[in-house]
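For the sequence shown, the numbering used here assigns the number -1 to the initial residue and increments by one for each residue that follows.
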Amino acid sequence: MPQSSALIVKTSSLGDVIHALPALTDICQHRPSTVVDWVVEESFSAIPALHPGINRVITCNIRQWRKSIWRSATRSAWKQFTTLLGVTHYDAIVDLQGLLKSGLLSTYAHGERHGYDAESIREPIASHFYHKKHTISRHIHAVERNRQLMAKALGYTIDTPPDYGIVAPREFERPFERLGGCEGAYVMLLPATSRAEKYWSIDHWNTLVRWLLSHKINMIILWGTAHERVLANALASPNPQRCHVPTERHNIHTLAGWIGHAQAVVGVDTGLMHLAAALNRFTVGIYGVTSPILAGPYPPSTERISLGGLEGFPSPHEVISHLKYIL
């Protein structure tokens, strides 16, 4: 079969980039001779790089460039990015993002551009950038929307369950012991999130931590901001030997290693929960102001649970009841 090429445009955010991985796996299965490149924000570039089917990751810094649009360094970086993007002629350029910014970015690449039609996306104006527009239901999970768009763009039929196609980096196996904690398995706790209303009650987290300690279960508690670091240290204070809090923020490659070797992952609505699902960990997602139906850890199963939603947060006892299943 002659070789072809495709470009995926999916720049952010962390969860959205992870949701696009099964579409890349589908290409590998149905169009194995296709060479695939991916345009993504530099801060999330480690995600597509984990997939063995990727050829080249082309990074941008749109979020940063917006803040310094008139600086010469920004203009130089933009020119370098667009030049690199235009080097290859692609048989298919597929904008899985479906936003104005991603549609515009796709025009700097050479080839036939595919994307959602105006009725299938939140920003209908983006559809004007595509040569071919495809109708995809807005009432199915984001993972399946990505898969269906890619299948229509490249001309194949989806006939398998979603496969994220990534594994945890091996060098991070047994990280808890290397971090100075007790020997044995561990649970990852993800209390940090980008929006304050998504936080789970500190009292609920304390109840969960006490239950895990009562069963001699080790924990790694992640944080993102200085405030969240204080929260994580407070949660770990009853038993620092069993509750490790990183002293600094780590890159996604490292976090993928830690999460991918955990016995279970418990967290609020955050991109790292999607990474845990992609790495096939037992997950308990905690929702309270958003719905997991269309964008939660996927696919749901007895080992991938989402609790709560628009109706409110789950109690710690609900979370614990599901953890008992695996722990």
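We put the beta carbon where it would ideally sit given N, CA and C, even for glycine.
Grab the span of the beta strand (DSSP E) containing residue i for me, first residue to last.
{"i": "Lys130", "result": "130 to 132"}
{"i": "Ala90", "result": "87 to 93"}
{"i": "Arg29", "result": "It is not in any beta strand (DSSP E) - Arg29 carries neither H nor E in the DSSP assignment."}
{"i": "Asn216", "result": "216 to 219"}
{"i": "Ala4", "result": "2 to 7"}
{"i": "Pro310", "result": "Here residue 310 is Gly; the residue named in the question, Pro, does not match the sequence. That residue, Gly310, is in no beta strand (DSSP E); it is neither H nor E in DSSP."}
{"i": "Glu121", "result": "Looking at the DSSP string, Glu121 is not in any beta strand (DSSP E), and its letter there is neither H nor E."}
Contact defined as beta carbons within less than 8 Å: I believe residue i pairs with residue j. What is the distance between those atoms, to the nearest angstrom?
{"i": "Ala21", "j": "Arg145", "result": "5 Å"}
{"i": "Leu220", "j": "Ala190", "result": "6 Å"}
{"i": "Glu121", "j": "Leu98", "result": "5 Å"}
Please list the terminal residues of the continuous alpha helix (DSSP H) segment that includes residue i.
{"i": "Leu321", "result": "314 to 324"}
{"i": "His137", "result": "Where His137 is concerned, there is no enclosing alpha helix (DSSP H), given that its DSSP letter is neither H nor E."}
{"i": "Ala224", "result": "224 to 234"}
{"i": "Ser70", "result": "70 to 83"}
{"i": "Leu98", "result": "98 to 104"}
{"i": "Ile16", "result": "12 to 17"}
Counting C-beta neighbours from all protein chains within 10 Å, is the total for residue i 16 or more, i.e. buried, or is it exposed?
{"i": "Glu169", "result": "exposed"}
{"i": "Gln95", "result": "buried"}
{"i": "Thr81", "result": "exposed"}
{"i": "His137", "result": "exposed"}
{"i": "Ala260", "result": "buried"}
{"i": "Ile200", "result": "exposed"}
{"i": "Pro272", "result": "One point to set straight first is that residue 272 is His, not Pro, in the sequence displayed. Buried, because 16 or more other Cβ atoms sit within 10 Å of the Cβ of His272."}
{"i": "Asp267", "result": "buried"}
{"i": "Ser70", "result": "exposed"}
{"i": "Leu123", "result": "The sequence shown places Ile at residue 123, not Leu. Its Cβ having fewer than 16 others within 10 Å, Ile123 is exposed."}
{"i": "Ile164", "result": "buried"}
Taking 7 Å as the limit between beta carbons, can you name the residues of its chain near residue i, skipping five residues before and five after?
{"i": "Gly331", "result": "The displayed coordinates of the chain run from -1 to 325. Any statement about residue 331 would go beyond what the structure contains."}
{"i": "Pro334", "result": "The shown model of the chain, from -1 to 325, leaves out residue 334, and the question about it has no answer."}
{"i": "Trp209", "result": "Ile318"}
Within a Cβ cutoff of 6 Å, which residues of the same chain sit near residue i, ignoring the five residues on either side of it in sequence?
{"i": "Ala151", "result": "Ala90, Val92, His112"}
{"i": "Thr32", "result": "Ser2, Ala4, Ile25"}
{"i": "His28", "result": "Tyr154"}
{"i": "Ala44", "result": "Ile250, His251"}
Can you name, in chain order, every residue of its own chain whose Cβ lies under 8 Å from the Cβ of residue i, other than the five neighbours on each side?
{"i": "Leu147", "result": "Ala21, Val92, Leu94, His112, Gly113, Tyr114, His132, Ile134"}
*asked:* Please give the ranges of any beta strand (DSSP E) in the segment 259 to 294, keeping only runs that are unbroken, at least 3 residues long and fully inside the region.
replied: 262 to 266, 280 to 285
*asked:* For a minimum of 4 consecutive residues, which ranges assigned as the alpha helix (DSSP H) are wholly contained in the segment 144 to 203?
replied: 173 to 176
*Could you give the uninterrupted runs of the beta strand (DSSP E) lying entirely in the segment 40 to 71, keeping only those of 3 residues or more?*
52 to 58
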